[in-house]
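Visitor: Following this message is one structure expressed as structure tokens.
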Amino acid sequence: MNFLLDPVAALGRATLALVRHAGALTLFALLGLSHLVRPPFYWRVFVASLIDIAYYSLPVVALTAVFSGGVIALQSYTGFAQYHVQSAIAGIVVLAVVRELGPVLAGLMVAGRVGAAMSAEIGTMRVTDQIDALYTLSTDPMKYLVAPRLLAGTMALPFLVAIADILGVLGGFAVSTTKLGFEPGAYIIATFNAVKPLDVTVGLVKAAVFGFLIALLGCYHGYTSRGGAEGVGAATTSAVVSASILLLAFDYLITDLFFAQ
Amino acid sequence: MSGTPKIRIRGLTKSFGEKKVLDGIDLDVEAGTSYVIIGGSGSGKSVLLRCILGLIVPDEGSIEIDGEDLLTTTSARRAALVARIGMLFQNGALFDSMSVADNIGFGLRAKLRDGAGHKLSRAEARERSGDILKQVGLDPSVGLLSPSELSGGMQKRVGLARAIAGTPEILFFDEPTTGLDPIMGAVIDGLIVDCVKRLGSTAIAITHDMASARRIGDQAAMLYHGKLVWKGLASNLMNSGDPMVDQFTHGRREGPIKMELRR
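Keeping their order, the protein sequence lines are chains Y and L.
Per our numbering, residue 11 is the first one in the first sequence, and the count goes up by one each step.
Per our numbering, residue -7 is the first one in the second sequence, and the count goes up by one each step.
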């Protein structure tokens, strides 16, 4: 009988754990957000986090965007040449980069770099009693550690994605004009004809949501980590994995919300 | 002795799952006294301090500071009461992203206000941190170092400096001499006694270092299986007449305290 019931019990336990984590994460997010509108606000922590996310992530995001734009141009050309519609490549590159690849790739890069770092830093503070020490020094850890990072993540990602959009399109432009024989003027005109303000806006909205999620999950997993170095390591892995999955899920939801006909 | 103790604990109970860590603790700590709580690892000493600080919410009981119950008052009042407590953590718990001076400055800016009710400026806090470093026997130039550059004893001193920076009415010490050699342990104990005396603070220290307990404490109690099984003068710790305390203080294997398998 057990061999029939055990999988059901395991599924039940997993479901309960998922619901418990989702509830705890939601409460954590609401508490963090509530501290954004209640003074004091720690501007120095915010500025440091903003610089860390926006400035120091710039090289990896820029390189990813340039190469991705170039690859889309190459791959599109290979396929479109069969149907003699190579002229659509400029539009494909700009829409793919602005709507999807810019926000998603920048988000995944930042999740790997910043989400992991946030989780490791806050997790180490948790297991070495530094978070308790903040509390004894009349400083709310949620206000000091979490709220500024949530705001910084939400503001930094749109900036990074705007840069990624420009560099991604430039990557496609460079490959198309130097390798595929496109005329630069025509390529630029086709690019501007294809992209609409809504495409850029939705890409930046996605970026803001992704930035919030990355910071939220980095802070949450660090804040709730337990058990020394091993616990911090596990929290860091969880932060990156869960941020990546949620980022892709929200990417679908936002795309469906704005572009589903 | 005044009528109301500085800290009054009644019926404090806390369980984690099925394990009862604190089981009906009653404790009075008079103003200006140093109370040492001894007990083995896992006996609930740290949980008791964390309950008083509001870091752990107890299941039952009351914790009063100057007659005001921390557990039933408003969150703003609770924060104000906890702000009167300074804490030296077992491992120092220094902020490793800040310099030593900024760690102490954080304590100053968190708790002290100028005449107009404003926080101290960073520059002023950094300047004052040098004076506080001198009080714990360190040169002000140590303020430029980061916590990772300090030895264990120096980290404890800086932790003590940060704890006393806000001139707290109450000081907690969590295993202040753990991990230190006997001489450095005696130095830290001496600094603790000096700081408590100078500030006129009420202190609670938890330790299983008997030499430290006798140096720091006026009063003492022993915690075993979540209950306070003995209270008395710290000077009587080594000859209390209580079989549990005697076994613990003299480090005997045989006696009423049995080692158990920990789960």
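Positions of the beta carbon are idealized from the N, C-alpha and C atoms, including for glycine.
Look at the alpha carbon of Ala58(Y) and the alpha carbon of Pro132(L), and state the distance between them as a whole number of angstroms.
Guide: So the alpha carbons of these two residues sit roughly 27 Å apart.
Visitor: Can you give me the C-alpha to C-alpha distance between Ala93(L) and Val156(Y), rounded to a whole angstrom?
Guide: Straight-line Cα distance between these residues: approximately 24 Å.
Visitor: Assign Phe269(Y) to buried or exposed, taking buried as 16 or more other Cβ atoms, counted over all protein chains shown, within 10 Å of its Cβ.
Guide: Exposed, since its Cβ has fewer than 16 Cβ neighbours within 10 Å.
Visitor: What's the call for Leu26(Y), buried or exposed, on a 16-neighbour Cβ count within 10 Å?
Guide: Leu26(Y) is exposed by the Cβ-count criterion.
Visitor: Spell out the partners DSSP gives Gly191(L) in its beta bridges.
Guide: According to the sequence shown, residue 191(L) is Leu rather than Gly. Paired residue(s): none; Leu191(L) is not in a bridge.
Visitor: Please confirm whether Leu229(L) and Ala203(L) have their CB atoms less than 8 Å apart.
Guide: Taking 8 Å as the Cβ cut-off, Leu229(L) and Ala203(L) do not qualify as a contacting pair.
Visitor: Who pairs with Leu225(L) in a beta bridge, going by DSSP?
Guide: Answer is Gln211(L).
Visitor: Determine the closest residue to Lys292(L) out of Gly171(L), Leu4(L) and Asp58(L), with distance taken between C-alpha atoms.
Guide: For chain L, the structure presents residues -7 to 255; residue 292(L) sits outside this window and is missing.
Visitor: Can you grab the Cα-Cα spacing for the pair Gly46(L) / Pro168(Y), in whole Å?
Guide: Rounded to the nearest angstrom, the two C-alpha atoms are 39 Å apart.
Visitor: Distance cutoff 8 Å, beta carbons only. Does Phe98(L) sit that close to anything in chain Y?
Guide: Closer than 8 Å: yes.
Visitor: I think Leu84(Y) touches Val185(Y), with their Cβ atoms under 8 Å apart; what is that distance to the nearest whole Å?
Guide: With a Cβ gap of about 6 Å, Leu84(Y) and Val185(Y) count as contacting.
Visitor: For the candidate residues Pro139(L), Gly192(L) and Ile(-1)(L), whose alpha-carbon lies nearest to that of Ile57(L)?
Guide: Cα-wise, what sits closest to Ile57(L) is Ile(-1)(L).
Visitor: Near Ala102(L), what residues of its chain come up, given a Cβ to Cβ distance below 7 Å and the 5 sequence neighbours on each side ignored?
Guide: Counting only Cβ-Cβ distances below 7 Å, and skipping sequence neighbours, we find Gly158.
Visitor: Which residue's Cα is closest to the Cα of Ile96(L): Val103(Y), Ala24(Y) and Leu147(Y)?
Guide: Closest by alpha carbon: Leu147(Y).
Visitor: Give me whichever residues DSSP pairs with Ser143(L) in a beta bridge.
Guide: BP columns for Ser143(L) are empty, so no partner.
Visitor: Answer yes if the stretch 39 to 46 of chain Y comes into contact with the stretch 60 to 68 of chain Y, meaning at least three C-beta pairs across the two stretches below 8 Å, and no otherwise.
Guide: No, the stretch 60 to 68 of chain Y does not touch the stretch 39 to 46 of chain Y.
Visitor: Can you give me, in chain order, the residues of the stretch -5 to 19 of chain L that have a beta carbon less than 8 Å from any beta carbon in chain Y?
Guide: Against chain Y - using a Cβ distance shorter than 8 Å - the stretch -5 to 19 of chain L contributes no residues.
Visitor: Please list the terminal residues of the continuous beta strand (DSSP E) segment that includes Leu4(L).
Guide: Note, Leu4(L): beta strand (DSSP E), Ile(-1) to Phe8.
Visitor: Please confirm whether Ser78(Y) and Ile102(Y) have their CB atoms less than 8 Å apart.
Guide: No, the Cβ-Cβ distance between Ser78(Y) and Ile102(Y) is not below 8 Å.
Visitor: If you drop the 5 nearest sequence neighbours on each side, which residues of the same chain put their C-beta closer than 8 Å to that of Phe297(Y)?
Guide: Since the displayed chain Y opens at 11 and closes at 271, residue 297(Y) lies outside it and no answer follows.
Visitor: Indicate whether at least one CB of chain Y lies closer than 8 Å to the CB of Ile77(L).
Guide: Yes, Ile77(L) lies at the interface with chain Y (some Cβ there is under 8 Å from its Cβ).
Visitor: Jot down the residue ranges of each uninterrupted beta strand (DSSP E) in the stretch 210 to 261 of chain Y, minimum 3 residues, whole runs only, in chain order.
Guide: For the stretch 210 to 261 of chain Y, not a single whole beta strand (DSSP E) run of length 3 or above is found.
Visitor: Pull up the CB-CB distance for Leu40(L) and Ile30(L), whole angstroms please, since I reckon it's below 8 Å.
Guide: Not quite, the Cβ-Cβ distance comes to about 12 Å (not below 8 Å), so this is no contact.
Visitor: Work out the CA separation of Gly84(L) and Glu141(L) for me, nearest whole Å.
Guide: Distance between the alpha carbons of Glu141(L) and Gly84(L): 13 Å.
Visitor: With the cut-off set at 8 Å, would you say Ser35(L) and His217(L) are in Cβ contact?
Guide: Yes, these two residues count as a Cβ contact at 8 Å.
Visitor: Flag Leu225(L) as yes if its beta-carbon sits less than 8 Å from any beta-carbon of chain Y, otherwise no.
Guide: Judged by the 8 Å Cβ criterion, Leu225(L) is not in contact with chain Y.
Visitor: How close, in whole Å, do the beta carbons of Gly125(Y) and Val171(Y) come, if the pair is a contact with beta carbons under 8 Å?
Guide: So it is not a contact: roughly 16 Å between Cβ atoms.
Visitor: In chain Y, what lies closer than 8 Å to Leu142(L) by C-beta?
Guide: Ordered by position in chain Y, no residue passes the 8 Å Cβ test against Leu142(L), which lies about 14 Å from the chain.
Visitor: Using the Cβ count rule (16 or more neighbours within 10 Å means buried), how would you classify Phe98(L)?
Guide: Buried.
Visitor: Are the C-beta atoms of Leu45(L) and some chain Y residue less than 8 Å apart?
Guide: At least one chain Y Cβ lies under 8 Å of Leu45(L).
Visitor: Name the residues in the stretch 84 to 98 of chain L whose C-beta lies less than 7 Å from a C-beta of chain Y; which are they?
Guide: Those would be Ala85, Phe87 and Phe98, in chain order.
Visitor: Between which two residues does the beta strand (DSSP E) holding Glu52(L) run?
Guide: Run containing Glu52(L): Glu52 to Ile57, per the beta strand (DSSP E) assignment.
Visitor: On the three-state DSSP scale, how would you describe Thr169(L)?
Guide: Three-state DSSP puts Thr169(L) in coil, outside helix and strand.
Visitor: Check the Cβ-Cβ distances between Asp62(Y) and every residue of chain L, and say whether any is below 8 Å.
Guide: Judged by the 8 Å Cβ criterion, Asp62(Y) is not in contact with chain L.
Visitor: Please classify Ile199(Y) as buried or exposed, where buried requires at least 16 other C-beta atoms within 10 Å of its C-beta.
Guide: Answer is exposed; the Cβ neighbour count stays below 16.
Visitor: Who pairs with Leu19(L) in a beta bridge, going by DSSP?
Guide: Answer is Ile1(L), bridged to Leu19(L).
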